[in-house]
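In the numbering used here, the protein residues as written are 18 to 304.
Ideal placement from N, C-alpha and C gives every residue a C-beta, glycine not left out.
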Ligand SMILES: Nc1ncnc2c1ncn2[C@@H]1O[C@H](COP(=O)(O)OP(=O)(O)OC[C@H]2O[C@@H]([n+]3cccc(C(=O)O)c3)[C@H](O)[C@@H]2O)[C@@H](O)[C@H]1O
Ligand SMILES: Nc1ncnc2c1ncn2[C@@H]1O[C@H](COP(=O)(O)OP(=O)(O)OP(=O)(O)O)[C@@H](O)[C@H]1O
Ligand SMILES: [Mg+2]
């Protein structure tokens, strides 16, 4: 009997030339259809935004991409700012550095219930402040906000709702995190960034794999087996070598974050509309 085994190599060893031409066409045609003039992107010094930036520059030209580096001096390592700036300067790109700690402090001071001890709420606030700043640039320059989310983070719901999860266009959503790293190498993103452990930097020493209690290699194997191969959950451990506990943990994250990938919860307008329509018909019948 044939027994299927897959490893992370099956996922990461793909044709990145094909991926680039597919995503570049997508960026160019979406930009043309939108009537907007370019892309604005938050560049953090991490791999996702570096790859999104490099892809955009190679797709539409460096003059149509603006990078905004938005450190918070309380949580962003200086090295991240240097990596972000070096990346953009390496492409000859335009950028601003906007330090956000005063903005975060102003919110915390003004909101009666807020305190810096609310680690998650303040962390998410940082992500949402960055979103507001990016949309300022988008409005001002008639640009689209380029999202940086990869498929692993998206399926895990590992992003701030209406923070880094909010954008106009998100090309990397087709690639798992492990693939984004390889794609970064292919696009010429510096090794230091490609190899940097993922971190949202929403609080000091915040590391993605530590917070999740999961490794991206396992996450990507599980999602690939479940969504792309369509395997039943109980077969995933033997096919991927990922333990049953980890498989369940990954899929639990997916199922508890469905609200992050759907629109705003809205009631069906029909019952209210029907009342109005029936009174209009009564009026018509009465002449
Ligand atoms: N069932 C439901 N239906 C509709 N809405 C629902 C809901 N359950 C919660 N909500 C809403 O969603 C909110 C919770 O979502 P959210 O505010 O996003 O907050 P939450 O998911 O709790 O936190 C964000 C997570 O994403 C991670 N993150 C953030 C930013 C960047 C990155 C990165 O990888 O770089 C990672 C961060 O470390 C943290 O683990 C609730 O406060 C509530 O408003
Ligand atoms: N200091 C920052 N300056 C500018 N943009 C930022 C900053 N921190 C976060 N962002 C934006 O929020 C996005 C989400 O952060 P996230 O940490 O997931 O991505 P990353 O840092 O690019 O890569 P990684 O997930 O590997 O850390 C970033 O890609 C970037 O667009
Ligand atoms: Mg990061």
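Backbone secondary structure at residue i - three-state DSSP
i	result
residue 9	Lying outside 18 to 304, the shown extent of the chain, residue 9 is not represented and no answer is given.
residue 31	coil
residue 160	strand
residue 293	helix
residue 186	strand
residue 247	coil
residue 287	helix
residue 22	coil
residue 128	coil
residue 238	helix
residue 260	coil
residue 139	helix
residue 44	helix
residue 166	coil
residue 270	helix
residue 100	helix
residue 121	helix
Those residues which DSSP pairs with residue i across a bridge
i	result
residue 83	57 and 111
residue 253	In the DSSP output, where bridge partners are listed per residue, residue 253 has none listed.
Contact under 7 Å by Cβ, residue i with residue j
i	j	result
residue 169	residue 122	no
residue 161	residue 186	yes
residue 254	residue 239	no
residue 200	residue 68	yes
residue 114	residue 150	no
residue 233	residue 194	yes
residue 148	residue 117	no
residue 62	residue 97	yes
residue 271	residue 137	no
residue 55	residue 82	yes
Cβ-heavy atom distance, residue i to ligand 2, below 6 Å
i	result
residue 45	no
residue 147	yes
residue 195	no
residue 65	yes
residue 119	no
residue 86	yes
residue 93	yes
residue 274	no
residue 165	yes
Closer than 6 Å: residue i CB and nearest ligand 3 heavy atom
i	result
residue 61	yes
residue 184	no
residue 216	yes
Ligand 1 heavy atom lying under 6 Å from the CB of residue i
i	result
residue 305	Missing from the structure shown is residue 305; the chain here goes from 18 to 304 and no further.
residue 285	no
residue 226	no
residue 181	yes
residue 156	no
residue 141	yes
residue 343	Residue 343 cannot be examined here, being either before or after the span of the chain that is shown, 18 to 304.
residue 131	no
residue 69	no
Boundaries of the alpha helix (DSSP H) in which residue i is found, first to last residue
i	result
residue 176	No alpha helix (DSSP H) holds residue 176; DSSP gives it neither H nor E.
residue 197	194-204
residue 275	275-278
residue 226	225-229
residue 215	Unbroken run through residue 215: none, as it is neither H nor E.
residue 68	64-77
Check: residue i C-beta below 6 Å from any heavy atom of ligand 5
i	result
residue 41	Ligands in the displayed structure: ligand 1, ligand 2 and ligand 3; ligand 5 is not one of them.
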